[in-house]
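What follows is a single structure, written as structure tokens, with notes after it.
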Amino acid sequence: MITEAIRRVNGYDHDAYTYYPVVIVGAGASGIAMACQLKQQLGFDQFRIFDRQAGIGGTWWINRYPGVAW
Numbered sequence: 069m070i071t072e073a074i075r076r077v078n079g080y081d082h083d084a085y086t087y088y089p090v091v092i093v094g095a096g097a098s099g100i101a102m103a104c105q106l107k108q109q110l111g112f113d114q115f116r117i118f119d120r121q122a123g124i125g126g127t128w129w130i131n132r133y134p135g136v137a138w
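For the sequence shown, this note's numbering begins at 69 and goes up steadily by one.
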């Protein structure tokens, strides 16, 4: 069964093979919203979010807008 192939990984291990049936590309507002909906609406937590930046927030992480809260 496919769920037997899925295991949780704590931290980064480049030699570990982990299967995620869903990947979310981008940790901006839309990517975070997708992850929340997968968890809240479907109870699904077997996903991974990838973003090229070090932090979450997408455009809000890259560009700092004075006086605007995130």
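We put the CB at the ideal spot given by N, CA and C, even for glycine.
Does the beta-carbon distance from residue i to residue j come in below 8 Å?
| i | j | result |
| --- | --- | --- |
| F112 | Y88 | no |
| A101 | I117 | no |
If you run the structure through DSSP and keep just helix, strand and coil, what is residue i?
| i | result |
| --- | --- |
| I124 | coil |
Kindly indicate which residue of the options has the alpha-carbon position closest to the one of residue i.
| i | options | result |
| --- | --- | --- |
| A97 | V90, G135, T127 | T127 |
| L106 | R120, V90, R132, G135 | V90 |
| V93 | P134, Y133, T86, I124 | I124 |
| G99 | G135, D119, N131 | D119 |
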